[in-house]
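A.B. asks:
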Amino acid sequence: MTSPSLIFDRPLLRRRLSRAKDAGAEDFLLRAAIEDLFERLKLIRRDFSTVLDVGTASPELSGRLAREGRLVLRMAPLAQTERSASFSVVGDEEALPFAAERFDLAVSALSLQTVNDLPGALVQIRRVLKPDGLFLGCLLGGQTLRELRSALALAETELCGGISPRVSPFADVRDMGGLLQRAGLALPVADSEPLVVRYRDMFALMADLRAMGASNALVARIKGPSRRELFLRAANIYAERFSDPDGRIRATFELIFVSGWAPHESQQKPLRPGSAKMRLEDALRGKPPPR
Numbered sequence: 001m002t003s004p005s006l007i008f009d010r011p012l013l014r015r016r017l018s019r020a021k022d023a024g025a026e027d028f029l030l031r032a033a034i035e036d037l038f039e040r041l042k043l044i045r046r047d048f049s050t051v052l053d054v055g056t057a058s059p060e061l062s063g064r065l066a067r068e069g070r071l072v073l074r075m076a077p078l079a080q081t082e083r084s085a086s087f088s089v090v091g092d093e094e095a096l097p098f099a100a101e102r103f104d105l106a107v108s109a110l111s112l113q114t115v116n117d118l119p120g121a122l123v124q125i126r127r128v129l130k131p132d133g134l135f136l137g138c139l140l141g142g143q144t145l146r147e148l149r150s151a152l153a154l155a156e157t158e159l160c161g162g163i164s165p166r167v168s169p170f171a172d173v174r175d176m177g178g179l180l181q182r183a184g185l186a187l188p189v190a191d192s193e194p195l196v197v198r199y200r201d202m203f204a205l206m207a208d209l210r211a212m213g214a215s216n217a218l219v220a221r222i223k224g225p226s227r228r229e230l231f232l233r234a235a236n237i238y239a240e241r242f243s244d245p246d247g248r249i250r251a252t253f254e255l256i257f258v259s260g261w262a263p264h265e266s267q268q269k270p271l272r273p274g275s276a277k278m279r280l281e282d283a284l285r286g287k288p289p290p291r
């Protein structure tokens with residue numbers, strides 16, 4: 001088997017996340033994802049006693065789960081400095097250091113979009129779940145920062161005659177169900193919710209991304225400084241194309257929510273091909289099924 005292509009410079013991502021935390025990280029996006037994950041978890045009539053938090057940058061998700069009486073292990077991207085109600089280890093989503101079938105529930109908020117091998121990470125999550133265990137996660141989707149991507153690409157084409165990688169590629173919600181199924185998770189579900197945030201200008205948006213530890217960490221990024229004229233032109237294009245009547249610009253973040261179950265004999269299964277008692281053509285024509 002060939003190794004996955006390196007898309008993200010993960011050591012750089014950790015360094016930037018560490019600096020952001022030291023400076024008081026901006027976490028409105030993460031808080032929105034965590035709140036939505038909890039609302040979805042409330043709809044599932046199951047008790048999950050052992051939980052793994054896979055890579056969530058904040059201890060809030062694991063802490064809230066632990067305060068509800070669950071035994072929670074948080075696999076954090078950085079050494080934990082905050083007080084938390086859960087146990088914690090430092091680990092990597094690309095190499096889960098846990099034995100098979102140890103957890104009833106695995107959760108993850110806004111960490112899986114920056115792994116180099118997303119299918120492989122999902123396989124590992126599936127491996128650590130007990131039969132009939134649930135994975136519930138949130139990651140950024142392909143529509144995230146589409147306005148910024150467009151403005152930078154147009155400015156760079158205009159001034160430099162081409163474009164370079166400046167905004168991370170993210171998974172498409174249409175592909176996530178297939179990836180969950182490919183990882184061996186049953187009953188896969190994937191849906192997305194856009195979150196539109198308004199800013200004074202493009203530079204305020206970029207400052208927020210730095211405060212999240214989420215600025216460009218692509219392996220193929222340009223390593224040297226970019227021309228000041230490029231960002232000034234991109235900011236003008238952004239304002240021209242993606243601003244509201246009051247002059248503030250829009251930035252889209254697409255939150256993809258995914259869930260899947262470790263297979264178990266009690267779960268619903270699709271009918272065998274040919275086992276239907278009525279043809280689709282007859283159903284569409286309103287014919288009754290044969291007796």
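full-length UniProt numbering puts the first residue of the sequence shown at 1, with every later residue one more than the last. Glycine is no exception: its CB is placed at the ideal position from the N, C-alpha and C atoms. In this text the structure is predicted, and so the values were computed from the model without any measurement.
Would you identify the three-state DSSP class for R128, choosing helix, strand or coil?
C.D. replies: The count along the sequence shown starts at 1 and reaches residue 128 at position 128. Residue identity differs from the one stated: residue 128 is Val in this sequence, not Arg. Helix at V128.
A.B. asks: As a quick exercise: from R200, H264, V54 and R210, pick the residue whose alpha carbon is nearest that of A235.
C.D. replies: Taking the sequence shown and counting its residues from 1, the one referred to as residue 235 is at position 235. Measuring from the Cα of A235, the nearest candidate turns out to be R200.
A.B. asks: Near M176, which residues of its chain fall below 7 Å by C-beta distance, leaving aside the five closest residues on each side in sequence?
C.D. replies: Along the sequence shown, one-based indexing puts residue 176 at 176. A distance below 7 Å between beta-carbons, with the five flanking residues on each side excluded, links M176 to the following residues of its chain, in chain order: A190, I256 and V258.
A.B. asks: Over what stretch of residues does the beta strand (DSSP E) that includes A76 continue unbroken?
C.D. replies: As a first step, residue 76 is located in the sequence shown; it is residue number 76 there, counting from the start. From DSSP, the beta strand (DSSP E) with A76 extends over L71 to A76.
A.B. asks: Mind checking S5: buried by the 16 CB within 10 Å criterion, or exposed?
C.D. replies: In the sequence shown, the residue the question calls residue 5 occupies position 5. S5 should be labelled exposed.
A.B. asks: Taking DSSP as the reference, what is the three-state secondary structure of S62?
C.D. replies: Here residue 62 is taken as the residue at index 62 of the sequence shown, counted from 1. In this structure, S62 counts as helix in the three-state DSSP scheme.
A.B. asks: Given V89, which residues of its chain have a CB within under 8 Å of its CB, disregarding the five upstream and five downstream residues?
C.D. replies: For the purposes of this step, residue 89 is taken as the residue at position 89 of the sequence shown. These residues qualify, in order along the chain: L73, R74, M75, A76 and P97.
A.B. asks: Suppose you measure from the CA of S111 to the CA of M202; what does that come to, to the nearest Å?
C.D. replies: Counting from 1 along the sequence shown, the entry for residue 111 is found at position 111. Counting from 1 along the sequence shown, the entry for residue 202 is found at position 202. Approximately 24 Å between the Cα atoms of the pair.
A.B. asks: When the Cβ atoms of the segment 101 to 110 are set against those of the segment 41 to 50, are three or more pairs found closer than 8 Å?
C.D. replies: yes
A.B. asks: DSSP state of G120, grouped into three classes?
C.D. replies: Taking the sequence shown and counting its residues from 1, one reaches residue 120 at position 120. In the three-state reduction of the DSSP assignment, G120 falls in the helix class, which pools H, G and I.
A.B. asks: Look at the Cβ atom of R40, then the Cβ atom of L136, and state whether they are nearer than 9 Å.
C.D. replies: Working through the sequence shown from its first residue, we reach residue 40 at position 40. Working through the sequence shown from its first residue, we reach residue 136 at position 136. Yes, Cβ-Cβ distance for R40 and L136 is below 9 Å.
A.B. asks: DSSP on P11, reduced to helix/strand/coil?
C.D. replies: In the sequence shown, the residue the question calls residue 11 occupies position 11. Here P11 sits in helix by DSSP.
A.B. asks: If you measure between the beta carbons of S18 and L78, is that distance less than 9 Å?
C.D. replies: On the sequence shown, residue 18 is found 18 positions in, with the first residue counted as 1. On the sequence shown, residue 78 is found 78 positions in, with the first residue counted as 1. The answer is yes: Cβ separation under 9 Å.
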